[in-house]
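The next block holds one structure in the form of structure tokens; read it before the comments.
In this note's numbering, the protein residues as written are 188 to 548.
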């Protein structure tokens with residue numbers, strides 16, 4: 188039985204963690220021996236099949252954070268030798284670098300992943316950048332989320348690159364929007380509260396929409412840095428739209444929240460393959476997204492299964508919101524149905540996991 192190890196900082200938070208939980212469970216079902224190595228435990232972790240073994244470098248992530256870099260690498264190496272995997276799939280830059288160093292001299296095939304735009308993810312520190320690029324050069328395979336990401340790599344690495352779409356949340360195939368209002372007034376945004384998601388620009392655009400129709404609502408779901416939450420909250424109050432824009436925090440039933448709303452909006456500066464956008468499309472919402480590197484244009488056929496707008500363009504985002512509000516119910520149903528069909532074909536769990544499993548043949 189082939190042994191697969193997936194390694195990631197924690198098991199709580201964003202899209203990468205959810206992908207790890209789905210891939211791990213599916214690979215076990217396909218007959219692989221699967222383990223997950225994390226840096227440390229945190230609250231609200233994803234649940235895993237009992238057959239999946241979870242290893243942790245430190246008891247908690249805060250304990251891990253106190254360790255020296257050398258200690259982290261040595262402890263990681265010790266656990267990798269204990270698990271003795273045939274393949275290691277690494278998520279996120281610092282974990283990739285640590286795993287590369289920890290595996291020196293160990294007979295294991297490393298599979299590197301690209302989770303955000305590699306042009307943005309590339310470390311600024313020269314040593315870290317060199318080591319990160321070595322991760323890919325010495326890897327067995329490079330897992331990409333979009334074909335566009337291949338452009339980052341030298342041509343001699345292209346044969347290693349494999350596009351594996353993110354698996355969609357399985358709830359989205361069962362729970363989707365079936366009741367549509369006559370006018371789209373309920374907007375939803377989902378994603379970690381961080382500058383990457385460009386929420387200040389989204390709020391600027393929504394302020395203009397509120398002036399035209401004061402009944403519109405925008406619910407923003409996502410956790411993140413408390414100080415950034417406070418900045419967004421203050422910005423909402425500064426613009427006098429506390430009754431229109433709500434910061435909802437994290438939700439354990441986000442699919443149900445999608446279904447309650449009419450329009451999904453994303454203003455990101457950059458992405459990898461945005462899970463929230465894919466989920467909203469699968470839930471049959473009309474979706475508006477910035478046309479950022481990378482991901483949205485792989486998901487949305489502009490004007491057919493959603494709307495794409497230029498990055499950092501407040502007026503274009505505002506115009507797209509107003510365009511959807513002017514659409515008839517029938518037009519929104521049609522666009523939402525095309526979006527759902529595209530995602531269920533591209534991002535099905537079966538498609539994602541079978542593409543992944545072929546790497547281990």
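Ideal Cβ positions, reconstructed from N, Cα and C, are used throughout, including at glycine.
Treat the numbers as computed from the prediction; the structure is a model and nothing was measured.
CB-CB length for residue i against residue j, believed under 8 Å
| i | j | result |
| --- | --- | --- |
| residue 273 | residue 253 | Not a contact, Cβ separation roughly 32 Å. |
| residue 473 | residue 450 | 5 Å |
| residue 247 | residue 224 | Going by Cβ atoms, the distance from residue 247 to residue 224 rounds to 15 Å, so no, they are not a contact pair. |
| residue 270 | residue 192 | 6 Å |
| residue 476 | residue 493 | 7 Å |
Where the beta strand (DSSP E) through residue i begins and ends
| i | result |
| --- | --- |
| residue 436 | 432–436 |
| residue 474 | 473–477 |
| residue 525 | Unbroken run through residue 525 is the alpha helix (DSSP H), 516–533; no beta strand (DSSP E). |
| residue 405 | 404–408 |
| residue 224 | 220–225 |
| residue 428 | Element bounds for residue 428: n/a, residue is neither H nor E. |
| residue 243 | 240–243 |
Cα-Cα separation between residue i and residue j, rounded to whole angstroms
| i | j | result |
| --- | --- | --- |
| residue 306 | residue 300 | 14 Å |
| residue 218 | residue 547 | 11 Å |
| residue 374 | residue 334 | 30 Å |
| residue 455 | residue 315 | 25 Å |
| residue 202 | residue 446 | 19 Å |
| residue 338 | residue 537 | 27 Å |
| residue 425 | residue 265 | 52 Å |
| residue 267 | residue 319 | 19 Å |
| residue 349 | residue 508 | 35 Å |
| residue 227 | residue 531 | 34 Å |
| residue 292 | residue 329 | 20 Å |
| residue 262 | residue 511 | 53 Å |
| residue 419 | residue 327 | 42 Å |
| residue 408 | residue 440 | 11 Å |
| residue 239 | residue 207 | 11 Å |
| residue 364 | residue 290 | 47 Å |
| residue 369 | residue 515 | 7 Å |
| residue 245 | residue 302 | 24 Å |
Residue range of the unbroken alpha helix (DSSP H) whose run includes residue i
| i | result |
| --- | --- |
| residue 157 | The question about residue 157 has no answer here: the residues shown for the chain are numbered 188 through 548. |
| residue 263 | 256–270 |
| residue 252 | 248–252 |
| residue 419 | 413–425 |
Cβ neighbour criterion (16 or more within 10 Å) applied to residue i
| i | result |
| --- | --- |
| residue 501 | buried |
| residue 356 | buried |
| residue 283 | buried |
| residue 277 | buried |
| residue 382 | exposed |
| residue 188 | exposed |
| residue 459 | buried |
| residue 385 | buried |
| residue 236 | exposed |
| residue 317 | exposed |
| residue 527 | buried |
| residue 204 | buried |
| residue 448 | buried |
| residue 256 | exposed |
| residue 523 | buried |
| residue 353 | buried |
**Request:** List in chain order: all unbroken beta strand (DSSP E) runs of 3+ residues lying wholly within the segment 364–394.
**Result:** 373–377
**Request:** Any chance you could list the beta strand (DSSP E) runs of at least 3 consecutive residues sitting entirely within the segment 439–510, in chain order?
**Result:** 450–453, 473–477, 494–496
**Prompt:** In chain order, which continuous runs of the alpha helix (DSSP H) of length 4 or greater are located wholly inside the segment 269–347?
**Reply:** 280–289, 305–308, 313–324
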